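Residue numbers (the numbering used here): 206 to 441.
Working notes, beginning with the structure itself.
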Ligand code: CA
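The following block contains the structure:
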């Protein structure tokens, strides 16, 4: 039975989530206090943590950061009260696996949890990484990708990508020039098989552009297909 910790100080949400998760067969533990939540998370092996952002005694960002500093790899879904907090969370790259904006339905939370569990079981996913080939190098213009070593060089310099940015770049690179819809990318990289929030794709593309493009206002590699999605081009 999978063990889930919910750290949330709004009683109604806490009750709704714990009831629905228990119905689905999860073993649920809860706390309304940030400090206590962190201690529980550090002491116990959970399979998943649902983490509110604003909490008494320690906020969700600090909890998430501390867990990652302590080398905990437990999947974390952030629960955010405001849409405006989402960019902040994504921008911080603090190691959360996903986020959900309130108000949400328990069904949506369960679907996201299942997507993360599926991802963990099949990672690193073969359809992103491809067959193992230690010698393989993908060259696109001035970008060199070494899939096996998770390394990327841009204009001869190594760059630091988050795992999701790396997956995204490699996925683009393996589908030379094909236009990919946001929904397609969401499904392929984040493993959401339902219409989720495609903004997570836009935010990751924008981070990726900052790292690989000379001028993000005039991208040469990752091109926007307006109203649809993105494609990777080889600059002339
Ligand atoms: Ca709260």
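Even glycine gets a Cβ: it sits at the ideal position worked out from N, Cα and C.
In this text, all values refer to a predicted model and were calculated from it rather than measured experimentally.
For residue 397, I'd like the list of residues in its chain whose CB is within less than 6 Å of its CB, leaving aside the five on either flank, ordered along the chain.
Hits under 6 Å: 320, 391.
In whole angstroms, what separates the C-alpha of residue 257 from that of residue 229?
21 Å
In angstroms with no decimal places, state the Cα-to-Cα distance between residue 216 and residue 237.
8 Å
Could you tell me which of 384, 311, 304 sits nearest to residue 432, measuring between CA atoms?
384
C-alpha distance - residue 308 paired with residue 267, whole-angstrom precision:
23 Å
What did DSSP end up calling residue 167 once you bin it into helix, strand or coil?
Nothing can be reported for residue 167, as the shown portion of the chain is limited to 206 through 441.
Identify the continuous beta strand (DSSP E) that holds residue 461 and give its terminal residues.
This structure cannot speak to residue 461, because the chain is shown only from 206 to 441.
Any residue whose CB is nearer than 6 Å to a heavy atom belonging to ligand 1, listed in chain order
214, 215, 257, 259, 260
Please return the same chain residues whose Cβ sits closer than 8 Å to the Cβ of residue 221, not counting the five positions on each side in sequence.
311
For residue 418, which option in 345, 284, 404 has the closest C-alpha, if you only look at C-alpha atoms?
345
From what residue to what residue does the beta strand (DSSP E) around residue 434 run?
Residues 434-437.
Taking DSSP as the reference, what is the three-state secondary structure of residue 397?
coil
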